[in-house]
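First the structure, in the form of structure tokens, and then the observations on it.
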Amino acid sequence: MYGSLWRRLPGGVPVRLFLFLALVGIAAGLLWYVVFPWLAPRVPIDQPW
Amino acid sequence: MRAAIRFVSELGITAGVVLLMFCAYLLWGTGSYTEEHQRVLQRQFEQEIQRSVHEHKGKRTLGAIKLGGAVALIRIPRLGADYKYAVVEGVDAEHLREGPGHYPGTAMPGEIGNFVVSGHRTTYLAPFNRIGELNRGDEIVVDTREARYTYRVTEKEVVLPTRLDVVAPVPGHPAERPTRALITLTTCNPKYSAAERLIVHGLLADREKRRA
Chain V
237 MYGSLWRRLP GGVPVRLFLF LALVGIAAGL LWYVVFPWLA PRVPIDQPW
Chain F
912 MRAAIRFVSE LGITAGVVLL MFCAYLLWGT GSYTEEHQRV LQRQFEQEIQ RSVHEHKGKR
972 TLGAIKLGGA VALIRIPRLG ADYKYAVVEG VDAEHLREGP GHYPGTAMPG EIGNFVVSGH
1032 RTTYLAPFNR IGELNRGDEI VVDTREARYT YRVTEKEVVL PTRLDVVAPV PGHPAERPTR
1092 ALITLTTCNP KYSAAERLIV HGLLADREKR RA
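Line by line, the protein sequences are chains V and F. The numbering of the first sequence is our numbering, which starts it at 237 and goes up by one. The numbering of the second sequence is our numbering, which starts it at 912 and goes up by one.
In structure tokens, the structure reads:
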């Protein structure tokens, strides 16, 4: 999965590394700022009532 | 075969990392939402206090209470000099995300009866994280537009979520008529769980009207 992604990225190792980390960063950002805020109120933990 | 196993394990590791991130988000990420709303609520409420002091001298009316609006500022000196939260009206998830919530229908601050406030224990800034540290006699200071009410802690208890009588006007005796002004703080117990409720009761000790 990550191997084939790595192979599909263009450029040499430094460029690939940069692109790879950028993709990971985008995925993490989407999770943190979009998916998690949507999901959090739907998880029934820490409900005082 | 090898490729398939690798794919599945990479997927599993990814899912684990995402779950850990979600836990981190619940504990620390949700706080920024509450912080933002608290900043606005506290500023508005403090301005309203100023206004009510200057505008109506003599005739002070309780401002219209609407769900989601601030009803009071709560301070607990035992939990730090800067421990201060705006209490919003309502205890639905959307209200508690913004701060501790006043249980609608229970007494207002200073009134005879039970002023019930619920708050998160571990997420959304975790306003009631440390209320278990309160001891008998500790102050809970509640500022409204009209006055400052100081309650003193009388009792702490851990109950099951079904024990709704702890928020009755006379805690534990739902049928009785109240004669005293109480405060009740409720939150989850143990931490990171919703299996029980931690309850702190207090009794009104002092009331100080605002003067212009």
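Even glycine gets a Cβ: it sits at the ideal position worked out from N, Cα and C.
Asked                                                                                                                                                                     : Found
Are there 16 or more other CB atoms within 10 angstroms of the CB of Ser-963/F, so buried, or fewer, so exposed?                                                          : buried
Could you tell me which chain F residues have their CB closer than 8 Å to the CB of Trp-268/V, listed as they occur along the chain?                                      : Met-932, Tyr-936, Gly-940
Identify each residue in the stretch 918-932 of chain F for which the Cβ-Cβ distance to at least one residue of chain B is less than 7 Å, and report them in chain order. : No chain B is present in this structure, whose protein chains are V and F.
So for Thr-1034/F, helix, strand or coil by DSSP?                                                                                                                         : coil
Name the residues in the stretch 1105-1120 of chain F whose C-beta lies less than 8 Å from a C-beta of chain V; which are they?                                           : Ala-1105, Arg-1108
Bridge partners for Leu-1093/F per DSSP, in chain order?                                                                                                                  : Asn-1025/F, Leu-1114/F
What does a CB cutoff of less than 6 Å around Ala-1018/F pick up in its chain, not counting 5 residues either side in sequence?                                           : Gly-1024, Asn-1025, Phe-1026
Go through its chain and collect everything with a Cβ distance to Thr-1034/F's Cβ below 6 Å, but skip five positions before and after it.                                 : Leu-937, Thr-941
Starting from Pro-280/V, find everything on chain F with Cβ-Cβ shorter than 8 Å and list it in chain order.                                                               : Ala-1105
From what residue to what residue does the alpha helix (DSSP H) around Tyr-269/V run?                                                                                     : Taken as a continuous stretch (DSSP letters only), Tyr-269/V belongs to no alpha helix (DSSP H), as it is neither H nor E.
Would you tell me roughly how many angstroms separate the C-alpha atoms of Glu-1050/F and His-1112/F, rounded to the nearest one?                                         : 11 Å
Taking the beta strand (DSSP E) that Val-1064/F falls in, what are its first and last residues?                                                                           : 1058-1070
Have a look at Ile-976/F and Ala-1106/F and give me their C-alpha separation to the nearest angstrom.                                                                     : 31 Å
Residue range of the beta strand (DSSP E) that Val-982/F falls in?                                                                                                        : 981-986
Using only alpha-carbon positions, find the residue among Arg-986/F, Leu-990/F, Arg-1121/F that is nearest to Val-998/F.                                                  : Arg-986/F
On the criterion of 16 or more Cβ atoms from any shown chain inside 10 Å, does Leu-257/V qualify as buried, or is it exposed?                                             : exposed
Can Glu-1057/F and Ile-1110/F be called in contact, C-beta distance under 7 Å?                                                                                            : no
Taking CB distances under 7 Å as the criterion, tell me whether Phe-272/V reaches chain F.                                                                                : yes
Which residues in the same chain as Arg-1122/F place their Cβ atom closer than 8 Å to its Cβ, once the five residues preceding and following it in sequence are excluded? : Val-964
Comparing alpha-carbon positions, which option in Gly-1001/F, Glu-1005/F, Gly-1010/F, Gly-1030/F lies nearest Gly-1016/F?                                                 : Gly-1001/F
Taking the straight line between their C-alpha atoms, what separation do you get for Leu-253/V and Glu-946/F?                                                             : 36 Å
Under a three-way DSSP split, which group does Ile-976/F fall into?                                                                                                       : coil
By how many angstroms is the C-alpha of Tyr-996/F removed from the C-alpha of Asn-1046/F?                                                                                 : 20 Å
Are the CB atoms of Arg-1118/F and Gly-1021/F nearer to each other than 7 Å?                                                                                              : yes
Quick check: the Cα distance between Pro-1011/F and Gly-265/V, rounded to an integer number of angstroms?                                                                 : 29 Å
Can you tell which of Glu-1044/F, Gly-980/F, Leu-990/F has its C-alpha closest to the C-alpha of His-1013/F?                                                              : Gly-980/F
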